[in-house]
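According to my numbering, the sequence shown is numbered sequentially starting from 402.
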Amino acid sequence: MATPQNKLAFDGGWDYDPAPESTDHIKLQKRYELFIGGEFVAPGKGRYFDSINPANEKKLARVADADEADVDRAVQAARKAYKGVWSRLPAKERGKYIFRIARIMQERAREFAAIESLDGGKPIRESRDVDVPLAAAHFFYYAGWADKLEYAFPGRRARPLGVAGQVIPWNFPLLMAAWKIAPALACGNTVVLKPAETTPLTALKLAEVIADAGLPPGVVNIVTGAGKTGAALVTHPDIDKVAFTGSTNVGRIIQRALAGTGKRYTLELGGKAANVIFEDAAIDQAVEGIVNGIFFNQGHVCCAGSRLLVQESVADEVIEKLKSRMETLIVGDPMDKNTDIGAINSAMQLEKIESYLKIGADEGGEMHQSSARLPSKGYWCAPTIFTNVAQSNRVVQEEIFGPVLAIQTFRTFDEALTKANNTPYGLSGGVWTDKGAKIFKMTQGLRAGVIWANTFNKFDPTSPFGGYKESGVGREGGLHGLDAYVRLGAE
Ligand code: NAI
Ligand code: MG
C-alpha cells in the first residue's frame, strides 16, 4: 500500500508514506473482568471470549462472558448504589463526578482513540477527531445539567427512575457508552451497561476511568458478553429503564419482552437515510457530503446516507465526480492517519455486506467499486455504489450497514420526497440545495428524526437524536435526552 519516498504507485498515482499512530502509550490487559460494585471481578462461571482486531484478525484480549447470575450481581450493585448513595447525593455533587469522568477521558484521549481503532477497525482519524472528543463532550454537557434539572423541566419536579440497563452496539463503542451513561447519571440513576461483544475494550477502559474518578461503587457497572448477556440485562426484573441501540430485530425482541411491564425504554435502531441532491446544490460539496454520509466509519452508521437521490439533470455529473472521488479514498490500516476507510467490524458483518452486493447485482443493479487494493488479512470492503436500482430493490429498502450506496434519480421535488419517505425507517436524511425554502420544505416533509442540510453526519451533544417508524422510540442527546431518565411530577 504505502511506499517509501512517494514512489510512483502501479496505478499511476502517488501513494502517501505510512503515518501510523503509535501504540506505545496504550495499556491493554491480557484479560478483562467484569466491573461490578466498583471492582473488577471474575465471571461466576469463569468463561471468557476473545476480542480481536478486525484489521488483522489478531487477538487483543480475553474478555469476561457474563451469565445471568453475573448480570444479577451487577443489577443488585446498581440498586444498592442507587438507594444508598447516588439518588441521595446533592445534584451538584453528581455533576462533579461526571465532570471528572469527562476530564480524565480527555487526558487519556489518545489511548482511547487507539484502542477504539484497534478493537473496532475504524480509522484512527475518526476515533481521534470524532468518537473520543464527542464522548467527552457528552459527559461535559450532561455534567452541566445535573444540578439544573429544574430549568430543564420548569414547574415540574424531575426524579430519577432507578437502575438503567443499557445495551450498546459496535459501531461507536465509546460514544454510545457516553450517550447512555452521561444523561442517566446526571438525572440520578445508576447503570448497568453491556458493550457489544466485538468492541468491549473502550467501555472497559471507561470502567477504569470511572474507578479512577472515585465514583461511589455500583453507580456504573459494566458487564461484557454477547446477546445472551444483553437479554439477561434487559429482561432483569429489577431494571427500571432499558436503553438499547442496535438492530431493529433485537429492538423488536426487547419491545415485546417489555410490553406490559410498565418499564421505560428507548430504542435506537436501524436506518436507510436518503441524501437528496437538487440541481442547484454546490455539487463538489455535495459529493464530499455523499462520501462522508456513506463511507464514513465503513458505513457502520445507523444514520448513514445509504440512499442517494439525485436530480436527473445533474445525475451524470454527480455520479462521475463521486466515482472519481471514490478512487482517491484510502482503504486499509485503521491505525494509519491517512486511512479513510478502515476494516469492517467483524467477519459476520462482512458476510452480510457481501450478501447484499450479490443481492443488488442479482436484482439487476449496476455495481461499481473503487479499485482500492484491500489487505489480505482482516475484513475489508471497497467503497461501492449501485446505480440502475428501483425503489422495490432490497439494496434500496434494507439496511446494509456497510460502505454501499444505492443511487436513484428524481425529476421533481415531490418525487424526491415520496422516494425519500418510502422506507420502513426514519432516522435521518440529508438535503443539498442552494435554496433555503427547499430546505425547509424538505425538512418538514421528511419523516426522519435528524435532517442535515448541506452537510451530513454532524453530531453535537446538545442536539437530540432518534427516529420514526422502525428506527426506534425516544430521543437521546440534548435536553430531550434527559427526559428519558426522569419521572416528572408536581414540585
Ligand atoms: P445486534 O442488535 O444483535 O447487537 C447490538 C447489541 O445488542 C450488542 O451489544 C448485542 O450483544 C446485543 N444483543 C443481541 N441480542 C440481544 C438480545 N436478545 N437482547 C439484548 N441485547 C442483545 O446487532 P448485530 O447483530 O451486531 O448487527 C446486525 C445488524 O444490526 C447490522 O448489520 C446493522 O444493520 C444493525 N445494527 C444497527 C446499529 C445501530 O446503530 N442502529 C448498530 C449495530 C447493528
Ligand atoms: Mg474487537
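Ideal Cβ placement from N, Cα and C applies to all residues, glycine included.
Which word fits residue i, buried or exposed, when buried means at least 16 other C-beta atoms lie within 10 angstroms of its C-beta?
i	result
G875	buried
G522	buried
F841	exposed
S423	exposed
Q792	exposed
D451	exposed
H701	buried
K408	Any reading at K408 is ruled out, since the residue's pLDDT is 41, under 50, leaving its predicted position unreliable.
D418	exposed
R509	buried
W571	buried
D741	buried
W487	buried
A838	exposed
Y552	exposed
K859	exposed
K778	exposed
G690	buried
Measuring straight from C-alpha to C-alpha, what distance separates residue i and residue j?
i	j	result
L616	G563	17 Å
A849	A821	10 Å
R780	K428	According to the sequence as given, residue 780 is Tyr; it is not Arg. Roughly 25 Å between the two C-alpha positions.
L594	V643	10 Å
E494	F540	14 Å
S707	G445	43 Å
E517	F802	18 Å
D835	L490	51 Å
K481	E440	14 Å
L889	E609	33 Å
T599	Q477	26 Å
T824	H426	45 Å
N676	A891	43 Å
D734	Q686	27 Å
M506	V688	34 Å
R463	L519	14 Å
L550	C588	8 Å
T591	A475	11 Å
F814	G672	22 Å
V568	F645	5 Å
L818	R812	11 Å
G867	G647	12 Å
I745	L775	12 Å
D532	E816	36 Å
I684	V719	7 Å
T630	I623	11 Å
A716	D548	52 Å
P405	E680	With a pLDDT of 42 at P405, under the threshold of 50, the predicted position of this residue should be treated as unreliable, and no value is reported.
N739	F857	21 Å
D737	R557	51 Å
In terms of residues, what are the limits of the alpha helix (DSSP H) holding residue i?
i	result
I742	First-last for I742: undefined, no H or E at that position.
A553	550-553
H881	879-884
T603	602-613
A896	Past the boundaries of the shown model lies residue 896; the chain is included only from 402 to 892, so the question cannot be answered.
W428	Checking the sequence shown, residue 428 turns out to be Lys, not Trp. Per DSSP, K428 belongs to no alpha helix (DSSP H) and is neither H nor E.
Kindly indicate the opening and closing residues of the beta strand (DSSP E) around residue i.
i	result
F787	785-788
T819	Where T819 is concerned, there is no enclosing beta strand (DSSP E), although the alpha helix (DSSP H) it sits in stretches over 814-822.
N454	449-454
V621	621-623
Y666	665-669
G890	887-891
W833	829-833
A559	557-561
Cutting at 7 Å between CB atoms, please list the residues of its own chain near residue i, excluding the five before and the five after it.
i	result
I695	A705, G706, S707, P804, L806
S864	G878, G879
Y449	R432, R463, V464, A465, D466
W453	Just to set this straight, residue 453 is Ile in the shown sequence, not Trp. Within the same chain, I453 has close Cβ partners K459, K460, L461.
A403	Any reading at A403 must be qualified, since the residue scores a pLDDT of 43, below 50, and its modelled position is unreliable; the value itself is stated next. Result list for A403: D416, Y417, D418, P419, in chain order.
Who are the Cβ neighbours of residue i in its own chain at under 6 Å, not counting the five residues just before and after it?
i	result
I640	V564, G566
V442	E434, L435
K722	V688
A773	V732, A783
W833	I678, A682, A687, N855
Return the chain-ordered list of same chain residues with a C-beta closer than 8 Å to the C-beta of residue i, the five sequence neighbours on each side being excluded.
i	result
R665	L562, D641, K642, V643, A885
Touch test, the stretch 628-642 against the stretch 785-795, Cβ-Cβ under 8 Å, three pairs minimum: The stretch 628-642, when compared against the stretch 785-795, does not touch it at the 8 Å Cβ threshold.
Stretch pair the stretch 470-484 + the stretch 423-437: three plus CB contacts closer than 8 Å: Taking a cut-off of 8 Å on C-beta distances, the stretch 470-484 touches the stretch 423-437, as three or more cross pairs fall below it.
The stretch 500-509 contacting the stretch 537-551, beta-carbon criterion three pairs below 8 Å: Result yes; three or more Cβ-Cβ pairs closer than 8 Å.
Validate contact between the stretch 727-737 and the stretch 751-760 using beta carbons, cut 8 Å, 3 pairs: Using a Cβ-Cβ distance cut-off of 8 Å, the stretch 727-737 and the stretch 751-760 are not in contact, since fewer than three pairs of beta carbons, one from each stretch, lie closer than that value.
contact_flag[the stretch 648-660, the stretch 848-862] where n(CB pairs < 8 Å) is 3 or more: Output reads no: the stretch 848-862 does not touch the stretch 648-660.
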